[in-house]
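Have a look at the structure below, then the notes.
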Amino acid sequence: MNVDFNLIKKQCIDIAKIIKGKENNLIKILIQYEPYNVARYEIERCIRTLNDIDKNQQYFKEKVDTISVFMPSNLPLYSLVLFTLIPGFIAEELYVHPNTTLRQLGIIRNLYDILKIKEYLPSVNITSEKHDVFIERYVKKSRVIIFTGRGTTKAEIEKVMPENSILIFNGSGHNPVVVAEDADINKAVKDSIFVKFFNNGQDCAGPDSIFIHKKIADEFIEKFKNECSKLIVGKFSNKNTFIGLIHQKSELEKLEKIISDNKDNVIYGGKVDSDNLIVHPTIILSKITEKANFQETFGPIAFIVKYEEDEELKLYFQDENGRYQYNKMYVSLYGNSRYIRSNCDVMLFKGNASTKNGVGIVLSNQTIHDVEIGTKAYGGYSKGASAVIFKNSYGKIFSKALPILIPEVITELLINKKTIDDLQAKSFLMLREIPGSDIDFVLKIEYEFKQQVKNIFANNIEFAFIFGSIAKRTFKRKESDIDTFICLKEDDKVKMATFAKWIVQFQYSLDLKPDLKYPSEITTHESLESAVDNLKEIKISFSYSSKNSRIYDKIFWACVLPSFHKKRAFIGSEDGGRKLSDLAKKCKSYPKKWGEEFIQLLDKSEKVPIFLQKRYKSLNKEKIKQKLTKLLEEHEYCEVMRLIEFNAIESGSTKASREVYVKNELSQANVENIENAVQI
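Per the working numbering: the sequence shown = residues 1 to 680.
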C-alpha cells in the first residue's frame, strides 16, 4: 500500500507543535524518570526530527505488514518518536513493548496520549504483555522487528523471527574519548563531562573509557574533578539536578560492585546511597598498560585511562580477546592521534581495506550527541553496536553491522529489494554527511591535490604536501583555506599559475575560503636552500614595519618545513624526501628562537605594540606573553610567525620587495592581480 508523504509531513509538523505546546506537561511526566535537562534535550530532538522529516522523504513509499518494537529503557519521548511514530507511518500495524519500568510508571502510555498518536496513527498500539507473550503474539508474525537492548535477547528473537523478515538491532557502543597531548583540554573536559554523565550516566552510547595522554593527564584530571564537583546530585524534581535516581536496583548493585572491584583506583567520589538508589559521580583511574574498561557502566562512573605513546592505544582498541571490536561504534578524538586517524573505519573502507581492526567512526572534537540526528543513520560497524539481520525464505540468516536509520532500512530492504551488503556499502559513502566525520572530505582533498600536482608538474616535482588546518583537521567550512607547499626542480611560471588557478577554484567548490593573494607556496629547491642557509641573518625588531618578501618567505618556510608541523598528502621521490628532511633539520631551531626573542622584546617594551593590541584586544602584556609562550610550547610556530613576520629585519636589508608571484608569472598575459589570474 502506497503512502501519502504530504500527509505524513503535515502530521509530523502537527505533532511537533503538540510537543512544543505541551512542553510543561511532557516535562512533568519525564522528570519522574530522568533529569530536567534530559527532558528538555528530548523535546528539542523530537521537534527537530519531526520538522525535518522531508529529509527522509525517499524512504516513505509503501507500507509493510506488522512491525514489533521493543522500546529502550532511556529517553522515552525521543525513543517513542524514532522507534514507534516514524516507522508507524509505513506500517499496517505496529505493536510496542515498553521497558518494564516505563510501563510500570505509565510513562509511555501518558506520552502516547499527549501526542495523540491514536488519532494520527490508529495502527500503533502500546501493549502491556510480558516479554515472552509479546514475542509469541506479535514478533512471530512481524515483517520487521525493532529491538534495542542486549545481545542475549537479540539471539532469542533471531530464532523465532519469521522468514523474509528483518530485525533492526540497536545495542551499545564503547564510544571512548581519546584526548591527545595537543588537545584543547578545556573543550575535552567539558564534552567528556557531558557525554559521560548525561542522563545520570545511563546512556548505552556513553563512553566506557576516557583515554588521556600522560603529558596532559594531571591537568585534565584536575579540571575533570572540578567539573564533577559542580554536578548537582538529588531528586529530578530539582531543575538543576544532573545525577539522580537509578531506577533498577539490579543496575545500582552492578555499579556498586564496579566501585568495590576498583576501590584502589577510585580518585574521586565512590559514594553509593543505597537507600535513595543514587550513585554519586565517581572517577576510576588506571594506566592502559595495567587495565582498561570494556564493561558498560550504566551509571555515573567515569573510567579515565592514561597512555604514554600513541601506539599503546592498540592495547585497548585491538585487545586480543576482541572485547572492544564487538561493540565499537564512535571514537571522540580531541587533538591528533596517528593511530586513531589511520584506523578510522571510514579511512579503511575508502582504502579498500578490512574494517575488522578499525577503531570505529572517528569524530573530531565532537561527541555522539553532535552526530545523533533523528533523520540520519546512527550506530557503528560492530554487531554489538548496531546491525541489520535478514532471514530469507529458507530460514537462513544474514547480518551486517552498520549505522541505522529505521525508515531507510525498511524501505531499501523490503520495498526496493536491496541486499544488506548494498546497505552497508551505502552507509560508508553516506558518512561524509555526518558532522564530525570529516575524513572523507580530507581524503578527497588529498586525492585531488596529488592528482593535480602530478598532472601539472609531472617530473619537475621535488616534493609537495598539504599543511595547516586541513592537515590538522581543524578546518572550518567557509573560513579555512587549503595550505599547500610545492618544491620544484626548475622554475616554471606558467605551470605555477595553472596550479594556482586550480587550487582556488577547487576550494570554492568545497565551500572553503581560498587565499586569493597567496593561493599556494610554490618555489624551487634552489630558492629554498638559499633561504634556509641564511636564516641566521634574520633579527626580530618592533621598529621595523616594512613588509619584506624575502623575510616573510624565510620565516614562513622555516615554520612549515620541520617535522613538528603536521603534513598530509606527501608527494615526492625518495631523493625529494631526503631533501625535505635536510631542509627541515636546518630550520628546526629557528622558529622557537625567534618566538623567544619576540617575547623578550615584548617584555622589555614599555607599551604593547599596536599590532599586538589589535591582535589580542582584551589581553594585557603578561597575558599576551603567556599566550605566546603556550603557542611555542605547542609548536604552533605559524601562529607566532603571523605576528613576527613583518617585524623582522634581514641584515643589510631595508627595502620591501615582495610582489604577488602569480602576477609576475602571468605578466605576459597582462594580468594585474590574482583575482584575474584565477578568473574569479
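The C-beta atom is built at its ideal place from N, Cα and C for all residues, glycine as well.
In the three-state reduction of the DSSP assignment, Gly173 falls in the coil class. Cβ atoms of Gly244 and Asn200 come within 8 Å of each other, at about 6 Å. Take the alpha-carbon of Ile117 and the one of Arg109: they are about 10 Å apart. Ile31 and Glu597 have their C-alpha atoms spaced approximately 59 Å apart.
Comparing C-alpha distances from Lys235 to each of Ile283, Asn25, Asp273 and Ile466 shows the shortest one belongs to Asp273. If you draw a 10 Å sphere on the C-beta of Lys400, you find 16 or more other C-beta atoms in it, and that means buried.
Separation of Tyr112 and Gly206 (C-alpha to C-alpha, rounded to the nearest whole angstrom) is 27 Å. No residue range can be given for His247, since it is assigned to no beta strand (DSSP E) and is classified by DSSP as neither H nor E.
If you draw a straight line from the Cα of Lys495 to the Cα of Gly358, it is about 40 Å long. The alpha-carbon separation between Val139 and Glu129 amounts to approximately 12 Å. By DSSP's assignment, Lys306 forms a beta bridge with Ile212 and Lys287. Within the same chain, Ala91, Glu92, Glu93, Leu94, Tyr95, Tyr138, Lys141, Ser142, Arg143 and Val144 come within 8 Å of Thr66 by CB-CB distance, once the 5 residues on both sides are set aside. A Cβ-Cβ distance of about 17 Å is found for the pair Tyr637 and Ile624, leaving them out of contact under the 8 Å criterion.
Taking the CA atoms as reference points, Ile410 sits about 10 Å from Lys418.
Residue range Val124 to Ile126 is occupied by the beta strand (DSSP E) that includes Asn125.
Here DSSP, grouped into helix, strand and coil, assigns Tyr339 to helix. At a cut-off of 3 residues, the continuous stretches assigned as beta strand (DSSP E) that sit fully inside the region 108-159 are 124-126 and 144-148. Looking from the CA of Ile19, the closest CA among Glu42, Glu34 and Val38 belongs to Glu42. Counting the other Cβ atoms within 10 Å of the Cβ of Tyr316 gives 16 or more, which makes it buried. Residue pairing from DSSP places Ala464 in a beta bridge opposite Ile486 and Ile571. A residue is called buried when at least 16 other Cβ atoms come within 10 angstroms of its Cβ; Phe611 does not meet this threshold and is exposed. Per DSSP, Ser399 is one residue of the beta strand (DSSP E) stretching across Ile397 to Ala401.
The continuous beta strand (DSSP E) containing His97 extends over residues Ala91 to His97. Boundaries of the alpha helix (DSSP H) around Glu529: His525 to Asp533. Sorting Phe83, Ile166, Glu222 and Thr153 by C-alpha distance to the C-alpha of Ile126 places Phe83 at the top.
Listed as beta-bridge partners of Thr66 by DSSP are Glu93. For Cys344, the pairing in a beta bridge is given by DSSP as Gly360. With contact defined as three or more Cβ pairs closer than 8 Å, the region 183-196 and the region 161-169 are not in contact. In terms of CA proximity to Lys489, Asn459 leads the group Ile146, Asn459, Ile107 and Pro281.
At a Cβ-Cβ threshold of 7 Å, Val124 and Gly88 count as neighbours.
DSSP, reduced to helix, strand and coil, places Ala471 within a helical segment of the structure shown.
Ile259 places its beta carbon less than 7 Å from that of Gly270.
Around Val608, the same chain offers Lys621 and Ile624 as residues with beta carbons nearer than 7 Å, after the five sequence neighbours per side are excluded. According to the DSSP assignment, Tyr334 belongs to the beta strand (DSSP E) that extends over Tyr330 to Tyr334. Taking every protein chain shown into account, the CB of Ile232 has fewer than 16 other CB atoms within 10 angstroms, so this residue is exposed. By the C-beta density criterion, Arg150 is exposed, having fewer than 16 other C-beta atoms within 10 angstroms.
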